[in-house]
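Residue numbers (my numbering), protein chains in the order written: chain W, -10 to 715; chain G, 848 to 984. Glycine included, C-beta positions come from ideal geometry on N, C-alpha and C. None of these values were measured; they are calculated from a predicted model.
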């Protein structure tokens, strides 16, 4: 009291009185200068009102006159009383404070925090969070009190946080959209009364309307005529019939709850049901059905604790400001998830909202870690030094999404001190690490992976490589379709092949920040999946047009794939159906005459690579090894592939153009070595190459059709190929 | 005045007496003297104050005949009666705030302490602030 007066005198400049409801931290709506409050969304409440009022109005308008004259004039009166009673308890339920527990003031939160603090050494790699639950004895029974991150209190027993209203509500029953409010300690009795009276009203109206109809049928003898004569009565009967069951059921359920002094929340959670043999008795029950009922329905009514109409003093504003500042709708989710993960890191004051949630690139982490934009945490830290900012303040004020939070909290403290300049390197290291991890995997399961590997390098070498394949592929569609028929049953194989190719394409668009994350996802998921994602990426990069880069890229692709084909060849030259996609496709294509040389010729670039190996021996040692094994393959294959380059492709398509460009490059290279001059035409090779492009086409077609279904399609294609892969 | 100032300086000079749930969810506070207040106020004085407060709250929440009657009347009138009359609980709360004011005046303010009515803190805690100016102790 004294305090209040004292501070009243203090607030000089502000002549207008600010009431506390205006500063209320929850999401509730207030009416009549804080006299009434309800949940933030009251749409369904109005629906309830309309349903009840409408049905009653129809009843009063069309049934009551008839019934009052034919049966008893008391019927409308009873109906009116019931309706009045129902509506008044409904309105009371909706506009009463359900028992919101006010949030802790700044000082109180700090005090609690200090009390529950666990000693943490500064050197420990992870921050050990203080316990988030407190156990108390309630009438001899242990009850866990959970800490509410939003309200910064240990929730009293039976209280729960309503995520919709963003408040802790005492004796929380449930949030009822139909009445447009939480149902808690203070309005449960209204709610219960509403249910019971509504059940009575519904039964009453239903009975009366049916009586009306029956009487009419008796008089008219014809059902159809009756419906024509009293259509609204029929409507009323229908509405009542369908609502009556749920209302009566709910009323019965709540009667049970009331007599046993439970809440819906506790009942759903099974707090007091027998679990694991030991039955925990409801410690709040008075042990007597009537007493429970009496106390809940007629017991003393606790006043509203939030003092909505109270005048907000300067002190109050100061104490509560920390809470009302930037709150995010997701804060509940965040706090919830944090309770679960318990991976709470303290020294990150707040999370930069803009950061992409998923990408784990070093930059993001760093930025977030050093983002000092949390006013409350800094004020908090005054008494406790830099290390002080506590996790739940961060949670509270963080305005990024929950994913970002999760990611952030996974970071051990040891990473925090990495200087800013190292971030790029960090990223790179990260990638390299990834690559290594991939290459460590068994070779035969990793066709796609390895292509990604090679392309990782491409990213670093080429820099702004752009993907053209998509555009080219579209242009080539017509040609491809013609040929596709011939390849027939091997489509799946091609799909898988393209999965690999597309996957590599993705990684070649380094300008897109997503590429890294996509790649990571690719890595994590089995090789079955990349097509889906790669297609998505292809669509992104469609408008990029740079054939040179494309050729470079394809070369690198080829590098990766040839490596694999080599490896596989060593293992099982011709029968490695199960080991490698590229290999498989090659085999599949070998329907045609050149059976011996098939392994290498799925892609024209593959062949080029092979040529490079065969002819120049300038590749890495590994490849040289393989190269020896490859010598078994007929030179014809080499020739065939080279033949591709020169003659056949229609230069009007960008695709073929790009391919040709690439192949010309290769031929130059080869001719520089002076070994390849042969340009014998091989239709089969052309066909294969086009087929490979066709795959891109088909992928794109799918893409244009439907983004989501496409993923599935492509995936199914891949799945077909996958068993053979593995 | 000093209250407004002290609150700026962090929570170190405020003590919060938490609720005691050992007897259910009815309002009751722990009577143990917090360590921060040791030396500032005698244990007996403090405990008697808190016990008296607890009694008040118990009285407010007790299901006596009159309160049930009140509830029943409210129930019958669709709780419209509450709009016109003050409930028993509210009356008791009024008593409580009077009691706290008198206790502050007689005991705590001279010792440099200020007990804040738990109603202002949502009946969650009793806040006792340690005022900066030294008391007569």
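| Check | Outcome |
| --- | --- |
| Taking Cβ positions only, does residue 142(W) come closer than 9 Å to chain G? | yes |
| Mapping the DSSP letters down to three states, classify residue 77(W) as helix, strand or coil. | helix |
| How many Å lie between residue 131(W) and residue 272(W) at the Cα? | 10 Å |
| Can you give me the C-alpha to C-alpha distance between residue 245(W) and residue 915(G), rounded to a whole angstrom? | 20 Å |
| Can you find a C-beta in chain G that's less than 9 Å from the C-beta of residue 43(W)? | no |
| Are there 16 or more other CB atoms within 10 angstroms of the CB of residue 212(W), so buried, or fewer, so exposed? | exposed |
| Run through the DSSP bridge pairs and tell me what residue 156(W) is partnered with. | 151(W) |
| So what's residue 876(G) in DSSP terms, helix, strand or just coil? | strand |
| By a C-beta neighbour count over all protein chains shown, 10 Å radius and 16 as the cutoff for buried, is residue 35(W) buried or exposed? | exposed |
| Any Cβ of chain G within less than 9 Å of the Cβ of residue 187(W)? | no |
| Which stretch, first to last residue, makes up the alpha helix (DSSP H) that contains residue 978(G)? | Segment: none, residue 978(G) is in no alpha helix (DSSP H) and carries neither H nor E. |
| Taking C-beta to C-beta, are residue 874(G) and residue 893(G) nearer than 9 Å? | no |
| So, with DSSP's three-state summary, where would you put residue 27(W)? | strand |
| Along the region 120 to 140 of chain W, where does the CB come closer than 9 Å to a CB of chain G? Name the residues. | 125, 126, 127, 128, 129, 132, 134 |
| Tell me which same chain residues have a C-beta within less than 7 Å of the C-beta of residue 564(W), skipping the five on either side of it? | Unreliable placement is indicated for residue 564(W), whose pLDDT of 40 sits below 50; no coordinate value is reported for it. |
| Sorry if obvious, but does the Cβ on residue 37(W) come closer than 8 Å to a heavy atom of the ligand MN? | With respect to the ligand MN, the structure shown offers nothing to examine, as it has no ligands at all. |
| Taking residue 959(G) as the reference, give the member of 888(G), 945(G), 938(G) with the closest Cα. | 888(G) |
| If we ignore side chains and look at the alpha-carbon of each, how far apart do residue 391(W) and residue 134(W) end up? | Reliability fails at residue 391(W), whose pLDDT of 36 lies under 50, so the model's placement of it is uncertain and the value that follows must be treated cautiously. The straight-line gap from Cα to Cα measures roughly 24 Å. |
| Spell out the partners DSSP gives residue 865(G) in its beta bridges. | The partner list for residue 865(G) (beta bridge, DSSP) is empty, contrary to what the question assumes. |
| In whole angstroms, give me the CA-to-CA distance for residue 194(W) and residue 208(W). | 21 Å |
| Return the residues of the region 874 to 908 of chain G that lie within a Cβ-Cβ distance of less than 9 Å from chain W, sorted by chain order. | 874, 907, 908 |
| Whole-angstrom Cβ separation of residue 118(W) and residue 33(W), contact assumed at under 8 Å? | 38 Å between Cβ atoms; not a contact. |
| Under the DSSP definition of a beta bridge, which residues are partnered with residue 164(W)? | 171(W) |
| Can you confirm whether the region 241 to 259 of chain W touches the region 279 to 288 of chain W when touching is taken to mean that 3 or more C-beta pairs between the two stretches lie within less than 8 Å? | yes |
| In whole angstroms, what is the alpha-carbon distance linking residue 952(G) and residue 978(G)? | 14 Å |
| Indicate the three-state DSSP secondary structure (helix, strand or coil) for residue 307(W) in the structure shown. | helix |
| Buried or exposed for residue 20(W), please, with buried defined as at least 16 other CB atoms from any protein chain shown within 10 angstroms of its CB. | exposed |
| Since residue 37(W) contacts residue 168(W) with CB under 8 Å, what's their CB separation in whole angstroms? | 7 Å |
| Around the Cβ of residue 220(W), are there at least 16 other Cβ atoms within 10 angstroms (buried) or fewer (exposed)? | exposed |
| Can you list the residues of chain W that residue 927(G) reaches, using a CB-CB cut of under 8 Å? | 77 |
| If residue 44(W) sits next to residue 228(W), beta carbons under 8 Å apart, how far is it from one beta carbon to the other, in whole angstroms? | 5 Å |
| Taking residue 97(W) as the reference, give the member of 869(G), 973(G), 957(G), 868(G) with the closest Cα. | 973(G) |
| Using 10 angstroms around the beta-carbon of residue 818(G), count the other beta-carbons present and answer buried if the total reaches 16, otherwise exposed. | Outside the shown range of chain G (848 to 984) lies residue 818(G), about which nothing can therefore be said. |
| Does DSSP classify residue 137(W) as helix, strand or coil? | strand |
| From 292(W), 260(W), 185(W), pick the residue whose C-alpha is nearest to that of residue 239(W); which is it? | 185(W) |
| Just to check my reading of the structure: residue 300(W) and residue 8(W) have Cβ atoms closer than 8 Å, yes? What is that Cβ distance to the nearest angstrom? | 6 Å |
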